[in-house]
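By numbering that gives the first Met the number 0, the letter at position 447 of the sequence shown is numbered 446, and the numbering carries on one by one without gaps. For every residue, glycine included, the Cβ atom is placed at its ideal position computed from N, Cα and C. Worksheet: one structure, shown below.
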Amino acid sequence: MTTLNVKTGPMLRYDTVDLEQSIYHAYAMIVTEDATSDYSITPTLQLRWEKAAGVSAAVDGTTAVSDDNSHKHSEAIKLYQYHGAEGSFTFWRFKIEVPLADHELAVHYSIDGEAHPNSQSEAIKGLTGHTFFVPAKTQNFRWAGHSCNGFSASTDESVWNGANPLWDDLLKAHAAKPYHAVIGGGDQIYCDKLVREPEMQEWNDQTDSKKRMAMPLTDAISTCIDRYMFNHYCEWFGGGSFAKTIAQVPMINMLDDHDLIDGFGTYPDDLMRAAVFNHVGRRGYFFFLLFQLFINDDVDGTSEASHPNRSILFGGDGVYIPFKNHSLLSYLGPKQWILLADCRSERKIDQICSKATYQRLFDAVRKLPPGVEHLIVLLGVPLAYPRMVFLERTLSSSMNPLIMLAKGLSPGFINNFNGQVELLDDLGDHWCAGPHKHERNWLVEHVQELCLEKKLRASYISGDVHAAGVGVFYGYHQHDPSLDPKYSLAVITSAIVNAPPPPAVISMLNKLASKKHRSLFYCGTKETMVPLFDTDLAGQKQKDKYIIGARNWCSVEYHQETGELEFDIRVEKVKGGGETKSY
């Protein structure tokens, strides 16, 4: 029997469904240490499925599986080999194809051989396999949305009981009623601590931003960036309750800035093209594709027609990175599809996505089959959020007294990369920021037109802001939302791990949130925030009804009787406690 030393995995990634053949497409991936693994037989995945009725998921992903159900095996392909000072490691990708049935399926999978006793992955310990669930032909996916799955560099993780509490809450919900996908809306990992690596210190400690930007990319720094990205991903995706989740609920992920490094794409052109900073973004995007989408462009190519991932949509070329825009359009059942827009690869100060990318995404939506009712559009940063234009203008002023003051009193207030106020890159990331406002309004207008043409209801889901809330777009003639083609909810679920902003910031956001906006009046649209949180986490009435500052995730389910999508935001009741309240 062969032995595999598993460093990370197994991880699952859902792709889409081939409707012509009624085949469910997904992938599994493991990362193994070469020196202590036996590859005399290519790693092989065994799949066995049966009717899900009566099969319940345990929190650790185990289920009882009979011997008389359908069976298939999948031989791995070598997707990538990482070489570092600690040795070499191989990424093995397994194709999963399961024919849809008239009933929901429980699919048990295992990898031939046995795990080496030194295997580090949390998802492999003490288990012989895992089970995930495939919906029936006529069933719509039940899925969980999340974002900001990590801690900022300055956060004290211990006061939040680490990263596990809300993943444990999600796993309990999955054990009670299975999820078919877990959808990451950005910042599935935080790579900001890269700058603490020894080889990065000279670059990071250089206080003259122009000298820092002029520093060359050395072999030592290049090696250090790959080492950090590889090890950090293996630790984060291979450890804790998150690793247990993605071994039994297939992921669909899209990136935001922290998957690369804080603010990538929102800084001035000279910093974005500076040798060291630019290389961080290049390698960050490579490892995002590898660990989160299970894609290596050198192996898979960049042609949609021949790509193994059927959900992939290639947009325009990256502005600062040598990759095309990698967006996704995935089937979530007969009535719902999800469009995950890559809003990072082409981002610059005055652009989020190119017109070529928007055209490709809209063309793909136009080809959706008849009968689809809901289009979920995933954008890393919220499309509807309280405006902070006054703050943006103040912080970007060339004569900004706050910068002068902060340099002496609060160095952490200043961005290490280029000396701007730390908050400014976050504000510049927002769709409502001055340079992005026109593109944002254009996007809302054209999604409305597309949905009217296809008879779809659009809903947006986003993360990024470490708080939860719901915005709404609607026609300026007030009438029943079910009869309003412009009616769209913009759900914000963030963060499943990271700490929320201070209460004073949440209070300020709530004061700003009550305002109705007229920037879309030209296309007959109003927008505002929904007063969803009229009671606090203890059940008491509260004034701040629009934005809630606590960790959260979102459970999404289609209701057959009404044809509606329910977004259930699960908010942590007590700091670090993990138990949630539904809104």
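Thinking C-beta only, is residue j closer than 8 Å to residue i?
{"i": "L374", "j": "A457", "result": "yes"}
{"i": "L193", "j": "H278", "result": "no"}
{"i": "T584", "j": "A105", "result": "No statement about residue 584 is possible, as the shown extent of the chain runs from 0 to 582 and does not include it."}
{"i": "N139", "j": "N4", "result": "no"}
{"i": "K6", "j": "E32", "result": "yes"}
{"i": "K136", "j": "A100", "result": "yes"}
{"i": "T534", "j": "H516", "result": "no"}
{"i": "P434", "j": "I348", "result": "yes"}
{"i": "E438", "j": "C522", "result": "no"}
{"i": "A489", "j": "V471", "result": "yes"}
{"i": "M228", "j": "G283", "result": "yes"}
{"i": "G144", "j": "C450", "result": "no"}
{"i": "V97", "j": "W48", "result": "yes"}
{"i": "P500", "j": "A549", "result": "no"}
{"i": "I40", "j": "T1", "result": "yes"}
Can you tell me the Cα-Cα spacing of residue i and residue j, whole angstroms?
{"i": "S353", "j": "I22", "result": "33 Å"}
{"i": "Y38", "j": "V30", "result": "13 Å"}
{"i": "E345", "j": "D299", "result": "21 Å"}
{"i": "L259", "j": "E303", "result": "24 Å"}
{"i": "H82", "j": "W441", "result": "45 Å"}
{"i": "G314", "j": "T492", "result": "26 Å"}
{"i": "E565", "j": "Y557", "result": "6 Å"}
{"i": "I546", "j": "G538", "result": "16 Å"}
{"i": "Y26", "j": "N295", "result": "13 Å"}
{"i": "D191", "j": "D261", "result": "6 Å"}
{"i": "F276", "j": "H173", "result": "40 Å"}
{"i": "E85", "j": "N230", "result": "10 Å"}
{"i": "R386", "j": "D428", "result": "12 Å"}
{"i": "P164", "j": "E452", "result": "43 Å"}
{"i": "K171", "j": "G462", "result": "22 Å"}
{"i": "Y189", "j": "S151", "result": "7 Å"}
{"i": "M398", "j": "K209", "result": "Its pLDDT being 45, under 50, M398 is placed unreliably in this model, and the value from its coordinates should be taken loosely. Using only the alpha carbons, I get a separation of about 19 Å."}
{"i": "E113", "j": "L44", "result": "12 Å"}
{"i": "D316", "j": "Y582", "result": "40 Å"}
{"i": "D204", "j": "I351", "result": "30 Å"}
{"i": "S506", "j": "K323", "result": "40 Å"}
{"i": "R569", "j": "M253", "result": "21 Å"}
{"i": "N308", "j": "D362", "result": "18 Å"}
{"i": "W235", "j": "F241", "result": "8 Å"}
Determine which residues share a DSSP beta bridge with residue i and list them.
{"i": "F361", "result": "Beta-bridge pairing links F361 to no other residue."}
{"i": "W552", "result": "R569"}
{"i": "R12", "result": "Y26 and M250"}
{"i": "R141", "result": "DSSP, once it has assigned bridges, lists no residue as partnering R141."}
{"i": "S120", "result": "In the DSSP output, where bridge partners are listed per residue, S120 has none listed."}
{"i": "L44", "result": "S73 and I110"}
{"i": "T31", "result": "V5 and T89"}
{"i": "D316", "result": "K323"}
{"i": "K584", "result": "The requested residue 584 is not part of the displayed model; the chain covers only 0 to 582."}
{"i": "S487", "result": "F472"}
{"i": "G83", "result": "G86"}
{"i": "H373", "result": "Q335 and R456"}
{"i": "E526", "result": "F472 and H516"}
{"i": "H558", "result": "E563"}
{"i": "S461", "result": "I491"}
{"i": "L18", "result": "Paired residue(s): none; L18 is not in a bridge."}
{"i": "P98", "result": "I22"}
Between the options, which has its C-alpha nearest residue i's C-alpha?
{"i": "V376", "options": "S118, G183 and G86", "result": "G183"}
{"i": "D256", "options": "G149, T527 and E444", "result": "G149"}
{"i": "L519", "options": "S305, R12 and L382", "result": "L382"}
{"i": "R12", "options": "F290, K136 and G112", "result": "F290"}
{"i": "D543", "options": "G562, T561, E563 and P502", "result": "P502"}
{"i": "H179", "options": "T1, H115 and H24", "result": "H24"}
{"i": "A162", "options": "A172, P177 and S146", "result": "S146"}
{"i": "Y108", "options": "I123, G185 and Q119", "result": "I123"}
{"i": "E103", "options": "R141, E113 and T35", "result": "R141"}
{"i": "T356", "options": "D341, N308 and L367", "result": "D341"}
{"i": "C431", "options": "A466, Y384, G468 and E156", "result": "Y384"}
{"i": "K366", "options": "I40, E156, Y330 and S506", "result": "Y330"}
{"i": "M10", "options": "Y582, V158, G280 and G237", "result": "G237"}
{"i": "S221", "options": "M271, E198 and Y79", "result": "E198"}
{"i": "L339", "options": "V318, G264 and S310", "result": "S310"}
{"i": "P333", "options": "L18, G577, G239 and T2", "result": "L18"}
{"i": "L292", "options": "D207, F263, L328 and L270", "result": "L328"}
For the ligand FAD, is there any heavy atom lying closer than 7 Å to the beta carbon of residue i?
{"i": "Y227", "result": "The ligand FAD is absent from the structure shown, which contains no ligand whatsoever."}
With a cut-off of 8 Å, does the C-beta of residue i fall near any C-beta of chain B?
{"i": "R309", "result": "The chain labelled as chain B is not found in the depicted structure, where only one protein chain is given."}
Runs of alpha helix (DSSP H) lying entirely within the region 258-311, each at least 4 residues, in chain order: 268-272, 274-291 and 296-299
Entirely enclosed beta strand (DSSP E) segments - the region 421-458, minimum 3 residues: none
Entirely enclosed alpha helix (DSSP H) segments - the region 177-235, minimum 4 residues: 200-204 and 208-213
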